[in-house]
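Number of protein chains: 4
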Amino acid sequence: MLIRLGYDIQFDLPAITPMVALLHIHPSREPDLLEPDVLQIDPPIDATEYIDGFGNRCTRFVAQPGRIRLSNSTLIADSGLPDEVNEHAREVPVGDVPDNFLCYLLNSRYCEVDRFSSIAFDLFGHVSPGWARVQAICSWVNTKVRFSYPHARPTKSALDVYTERIGVCRDFQHLAITFCRAMNIPARYATGYLGDIGVPYGGPMDFSAWFEVYLEDRWWTFDARHNTPRIGRVLMAVGRDASDVAITTSFGEANLKHFSVVTDQVQADATEEAVAAASSIGR
Amino acid sequence: MLIRLGYDIQFDLPAITPMVALLHIHPSREPDLLEPDVLQIDPPIDATEYIDGFGNRCTRFVAQPGRIRLSNSTLIADSGLPDEVNEHAREVPVGDVPDNFLCYLLNSRYCEVDRFSSIAFDLFGHVSPGWARVQAICSWVNTKVRFSYPHARPTKSALDVYTERIGVCRDFQHLAITFCRAMNIPARYATGYLGDIGVPYGGPMDFSAWFEVYLEDRWWTFDARHNTPRIGRVLMAVGRDASDVAITTSFGEANLKHFSVVTDQVQADATEEAVAAASSIGR
Amino acid sequence: MLIRLGYDIQFDLPAITPMVALLHIHPSREPDLLEPDVLQIDPPIDATEYIDGFGNRCTRFVAQPGRIRLSNSTLIADSGLPDEVNEHAREVPVGDVPDNFLCYLLNSRYCEVDRFSSIAFDLFGHVSPGWARVQAICSWVNTKVRFSYPHARPTKSALDVYTERIGVCRDFQHLAITFCRAMNIPARYATGYLGDIGVPYGGPMDFSAWFEVYLEDRWWTFDARHNTPRIGRVLMAVGRDASDVAITTSFGEANLKHFSVVTDQVQADATEEAVAAASSIGR
Amino acid sequence: MLIRLGYDIQFDLPAITPMVALLHIHPSREPDLLEPDVLQIDPPIDATEYIDGFGNRCTRFVAQPGRIRLSNSTLIADSGLPDEVNEHAREVPVGDVPDNFLCYLLNSRYCEVDRFSSIAFDLFGHVSPGWARVQAICSWVNTKVRFSYPHARPTKSALDVYTERIGVCRDFQHLAITFCRAMNIPARYATGYLGDIGVPYGGPMDFSAWFEVYLEDRWWTFDARHNTPRIGRVLMAVGRDASDVAITTSFGEANLKHFSVVTDQVQADATEEAVAAASSIGR
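Residue numbers (the numbering used here), protein chains in the order written: chain P, 1 to 283; chain A, 1 to 283; chain E, 1 to 283; chain W, 1 to 283.
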């Protein structure tokens with residue numbers, strides 16, 4: 001399956017503003033790219049790339065005052081398979097969690113693990129550990145929390161979601177991640193493209209958040225917002241929570257003026273045309 | 001100057017408990033060691049070491065039920081000079097902060113930068129940037145917050161400290177770090193040994209927390225708790241906040257039964273004797 | 001000056017729902033009424049009235065499932081004068097505050113006075129007590145907080161407003177009230193009609209919130225949202241905070257389907273016609 | 001049964017300090033008094049009494065700088081019966097709750113009812129309404145929360161207790177009250193004397209907190225801290241939460257220097273002697 005990816009994000013900046021963008025696909029998906037994954041910045045500006053401590057490909061630059069446009073269009077090959085499910089995936093005892101994943105057991109800004117120990121144990125202590133427990137957490141969050149765009153806010157933490165029971169995709173994942181960590185299951189926040197392949201949906205595309213859990217011997221994708229295996233996720237970044245992997249972090253005032261995301265399945269025979277179209281954008 | 005360092009920490013564990021300890025001195029201070037820095041675990045147990053994402057030397061092990069004792073005694077050479085002061089150290093524009101330090105501008109569990117933007121700007125926006133501004137932050141926190149052991153609690157965040165105005169050393173640093181980050185100054189939490197060299201003090205030794213700020217071209221030590229240059233800090237770990245660098249993190253119940261820390265200046269001619277004494281402990 | 005007052009509020013109720021409404025004008029304004037102040041309930045239902053502990057005229061009833069409409073139209077005489085200003089009004093020492101107003105010095109749900117003592121003293125301790133200090137509080141809140149309907153939420157407290165610096169009229173008042181109480185000035189939340197008499201305004205009418213402060217020997221009107229004397233306030237209720245004086249409190253799910261408020265200056269020679277019109281609604 | 005009641009509370013005040021004390025027994029218990037219930041203030045000072053909005057007998061005065069001592073000794077007759085239990089007490093539909101008790105369904109400072117709707121319903125929605133549900137709430141809190149004096153703090157709210165699961169008697173009651181209100185059951189905070197009659201106890205006497213719930217046609221005593229019917233409670237005050245009924249509220253700094261409470265069962269034949277002893281104190 002081929003998926004056309006892209007975005008067009010525009011800010012008005014009242015002053016010189018340093019920015020960090022996590023707008024590339026994750027290094028783990030780079031082998032699947034059929035077109036270059038180039039972050040276009042208009043007006044053109046010097047930008048540098050680096051890999052952050054979580055393994056994400058970041059872009060940083062200092063934007064001039066006025067309008068700035070970040071855009072991209074690329075093409076990626078995807079398995080076309082839904083998120084993998086393995087009900088036999090076992091919980092990994094903390095003592096066996098790889099060193100560099102221990103940090104995904106700890107507190108972070110939006111995941112107050114230290115306030116959820118008892119709550120999580122009361123809710124999920126009776127569920128058998130491993131895949132079933134994570135699935136129970138996902139289903140609980142999916143059932144108890146209601147999706148609502150107007151109820152998003154930047155400071156909303158897992159505890160807020162737990163009491164308010166309403167929010168956007170990041171809120172669902174923060175709560176589920178916090179429950180997992182409180183049960184000693186490594187869990188990390190993920191952000192990327194998720195289209196409407198295979199599901200009825202009429203709304204505008206957006207980036208999406210989901211989360212990953214370390215079971216058996218690897219990370220698995222879970223999504224407390226949709227709570228069903230989905231086709232066509234393209235990972236951009238992972239981190240402890242949304243604070244680590246904001247699509248853009250602006251160190252100063254930045255007023256969003258336009259935001260659109262493309263993530264469309266394209267036919268194989270449309271590839272060549274797509275590549276042409278995409279590369280023309282990139283010129 | 002020579003400083004004898006050590007600790008004796010004992011827990012009672014009701015069950016098998018995975019633990020992570022940050023009880024080694026920081027790799028940056030290893031060249032100063034005059035004796036090995038060995039974490040003794042009694043009863044003996046397999047432990048492994050690793051360097052975490054922040055550059056700290058960590059020890060992990062799975063403890064058996066019952067009493068566990070973590071202890072150490074080592075000797076280190078120290079400059080004997082107080083924390084360096086450079087009133088001319090300039091603020092680094094965010095665009096010039098090294099890639100791997102950008103994370104020290106973000107939110108973390110106990111440092112809700114996203115809730116402090118306006119507060120910090122109101123308080124410190126008028127102070128000239130660079131060293132003076134960080135010093136103003138330190139002095140503000142030092143003046144406004146009162147030290148009190150009984151007012152410590154594990155979930156206390158910078159916002160709690162800001163409203164309650166009371167706490168322990170970690171609380172002072174969390175608030176100061178949050179103010180710095182809200183002013184776009186990279187700041188990180190530090191933990192280590194700090195004795196009473198050069199200051200009148202009668203209480204028992206303890207580990208201490210301070211913080212580091214990136215100015216000009218390097219990290220500088222600040223301490224909102226004491227707010228005066230001190231002699232004899234020995235760094236153990238740095239991180240985004242106390243969540244990252246807990247002395248010990250237990251994944252399960254762990255009841256602290258004994259806790260003592262040694263950090264004493266020793267005479268040069270006492271070295272050999274000290275080395276002998278220390279190594280006898282380690283046997 | 002004559003002011004036509006009214007509202008039309010409609011809910012869909014999935015089940016039998018007990019409700020309390022504070023939709024009458026305050027007893028202190030009843031002498032000014034030129035038409036009866038009748039809460040129309042459709043479909044008609046038994047309702048009873050009572051005066052709550054704060055002196056407000058409340059209506060309670062048990063609504064049947066389905067649509068319920070609460071409406072009213074009445075006419076009131078108003079002085080046409082702006083909120084009274086008395087820059088010489090002195091602060092009342094706590095020892096002299098009347099017994100029944102001491103409760104307006106305490107904590108309430110959205111006014112966490114216990115978390116604001118130091119913040120308030122730092123900000124307003126240097127301002128001379130009395131009117132000037134309250135005015136300084138009002139101006140600070142008015143300047144620092146930005147009005148935004150989408151940023152309202154039911155659980156938002158003064159501390160949230162203080163950190164987020166954005167909200168609706170109730171949020172402005174909660175923060176100002178909390179500052180006042182933290183400075184030992186009795187302050188209470190007020191809700192009522194506030195039209196656009198004398199001010200340019202194009203938006204739809206709404207109920208409004210302001211607050212009252214006890215100085216010298218009486219309560220005075222302040223409004224941290226508008227921060228300028230206004231004409232045509234008609235008080236409906238006072239209480240410790242928005243929790244006490246919600247326009248409607250539903251004990252169960254209640255989905256708001258329509259909400260409109262009328263508060264228009266009418267010409268004196270239109271009175272008779274207005275009375276006729278109003279009473280026809282009430283039939 | 002006769003119970004000797006009393007207290008000796010001493011503060012050091014750095015400045016003139018207005019104070020309100022709720023140190024009298026509740027008017028509902030006055031008929032049981034065998035000796036006058038006189039609040040002694042040393043040095044003597046003009047004090048006035050009033051009944052607050054919740055029906056409590058309050059004392060207010062303006063204390064001079066220096067040491068102030070509040071003391072009392074009185075004697076009361078008690079039924080000697082444990083808290084009444086009525087498992088058949090039915091829940092009162094909100095529509096039938098008396099007007100003046102509706103306020104005990106609302107939010108208050110330490111009882112964030114608006115954040116507990118879903119939590120309470122998940123935990124207690126399946127329990128049959130009425131006495132059984134309140135008892136289930138009490139038992140849940142009693143089981144899940146651990147008593148610990150050092151974990152008290154003035155700003156601790158029900159949500160804090162729910163996440164931290166540790167606290168003192170006021171914390172237990174705040175959480176239970178919040179659960180009740182979230183289930184539409186009127187609940188109010190109560191404070192008073194509670195000795196160790198009939199229970200093994202070796203600690204020093206203290207005032208205690210419990211709570212009252214409106215079921216059937218009256219208020220009933222519950223106690224999430226002890227969760228068993230107790231003998232010898234003597235009510236002092238009721239309110240929405242601890243903010244309303246603090247034993248003493250000081251409008252300024254007040255450093256507690258001594259605190260002791262007496263609540264001892266005395267033999268009937270000791271009455272006369274007791275009266276004599278008590279009145280000698282009062283002289």
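Cβ coordinates follow ideal geometry from the N, Cα and C atoms, glycine included.
Which of helix, strand or coil DSSP assigns to residue i
i, result
"A/Asn-72", "strand"
"P/Phe-172", "helix"
"A/Pro-18", "strand"
"P/Gly-6", "strand"
"P/Asp-78", "coil"
"E/Lys-156", "coil"
"E/Gly-95", "helix"
"E/Asn-255", "strand"
"W/Thr-249", "strand"
"W/Val-141", "helix"
"P/Glu-164", "helix"
"W/Ala-286", "Because residue 286 of chain W is not part of the residues shown, which for chain W are 1 to 283, the question remains open."
Chain W residues whose Cβ lies nearer than 7 angstroms to that of residue i
i, result
"E/Arg-109", "Asn-107, Ser-108, Arg-109 and Glu-112"
Test: residue i CB closer than 9 angstroms to a CB of chain W
i, result
"A/Glu-164", "yes"
"P/Leu-159", "yes"
"E/Tyr-50", "yes"
For residue i: DSSP bridge partner residues
i, result
"E/Asp-264", "E/Arg-4"
"E/Gly-55", "E/Gly-55 is not bridged to any residue."
"E/Cys-111", "E/Ser-108"
"E/Ile-41", "E/Leu-70"
Under 8 angstroms from the C-beta of residue i: neighbouring residues of chain A
i, result
"E/Arg-299", "The shown model of chain E, from 1 to 283, leaves out residue 299 of chain E, and the question about it has no answer."
"W/Pro-27", "Simply none; closest approach about 36 angstroms."
"P/Phe-251", "Val-94, Leu-105 and Asn-184"
7 angstroms Cβ cut-off: residues of chain E touching residue i
i, result
"W/Val-62", "Gly-95"
Below-9 angstroms beta-carbon distance, residue i vs any chain A residue
i, result
"P/Asp-217", "no"
"E/Asp-122", "yes"
Contact check, residue i vs residue j, beta carbons under 9 angstroms
i, j, result
"E/His-26", "E/Val-238", "yes"
"E/Tyr-165", "A/Ser-157", "First, the amino acid is wrong: residue 165 of chain E is Arg here, not Tyr. Their beta carbons are not under 9 angstroms apart, which means E/Arg-165 does not touch A/Ser-157 by this criterion."
"P/Arg-60", "A/Gly-53", "no"
"W/Ile-247", "W/Phe-211", "no"
"A/Thr-178", "A/Ala-136", "no"
"E/Val-62", "E/Pro-18", "yes"
"P/Leu-105", "P/Pro-44", "no"
"E/Arg-67", "E/Asp-12", "yes"
"P/Asp-32", "P/Asp-78", "yes"
"P/Ser-128", "P/Asp-244", "no"
"E/Trp-140", "E/Phe-116", "no"
"E/Gln-64", "E/His-258", "no"
Minimum Cβ-Cβ distance from residue i to chain E less than 9 angstroms
i, result
"A/Ser-118", "yes"
Proximal residues of chain P, C-beta to C-beta of residue i below 9 angstroms
i, result
"A/Pro-154", "Asp-114"
Partners in chain W for residue i, counting only beta-carbon separations shorter than 9 angstroms
i, result
"A/Pro-200", "Ordered by position in chain W, no residue passes the 9 angstroms Cβ test against A/Pro-200, which lies about 25 angstroms from the chain."
Neighbour list for residue i in chain A, Cβ cutoff strictly below 7 angstroms
i, result
"E/Lys-144", "Ser-118"
Test: residue i CB closer than 9 angstroms to a CB of chain P
i, result
"W/Gly-282", "The predicted position of W/Gly-282 is uncertain, since its pLDDT is 34 and thus under 50; a value taken from the coordinates is nonetheless stated next. Not an interface residue."
"A/Tyr-214", "no"
Within chain E, partners of residue i - CB distance below 8 angstroms
i, result
"P/Pro-14", "Correct list: empty, because the minimum Cβ distance to chain E is about 15 angstroms."
Chain W residues whose Cβ lies nearer than 8 angstroms to that of residue i
i, result
"E/Ser-139", "The premise fails here: E/Ser-139 is roughly 25 angstroms from chain W at the closest Cβ pair, so nothing lies under 8 angstroms."
"A/Pro-150", "Pro-150"
Neighbour list for residue i in chain P, Cβ cutoff strictly below 8 angstroms
i, result
"A/Asp-244", "Cys-103 and Leu-106"
"A/Val-20", "Leu-102"
Residue-level contact to chain C via CB, residue i, 9 angstroms cutoff
i, result
"A/Cys-58", "Absence of chain C from the displayed structure is noted, the protein chains being P, A, E and W."
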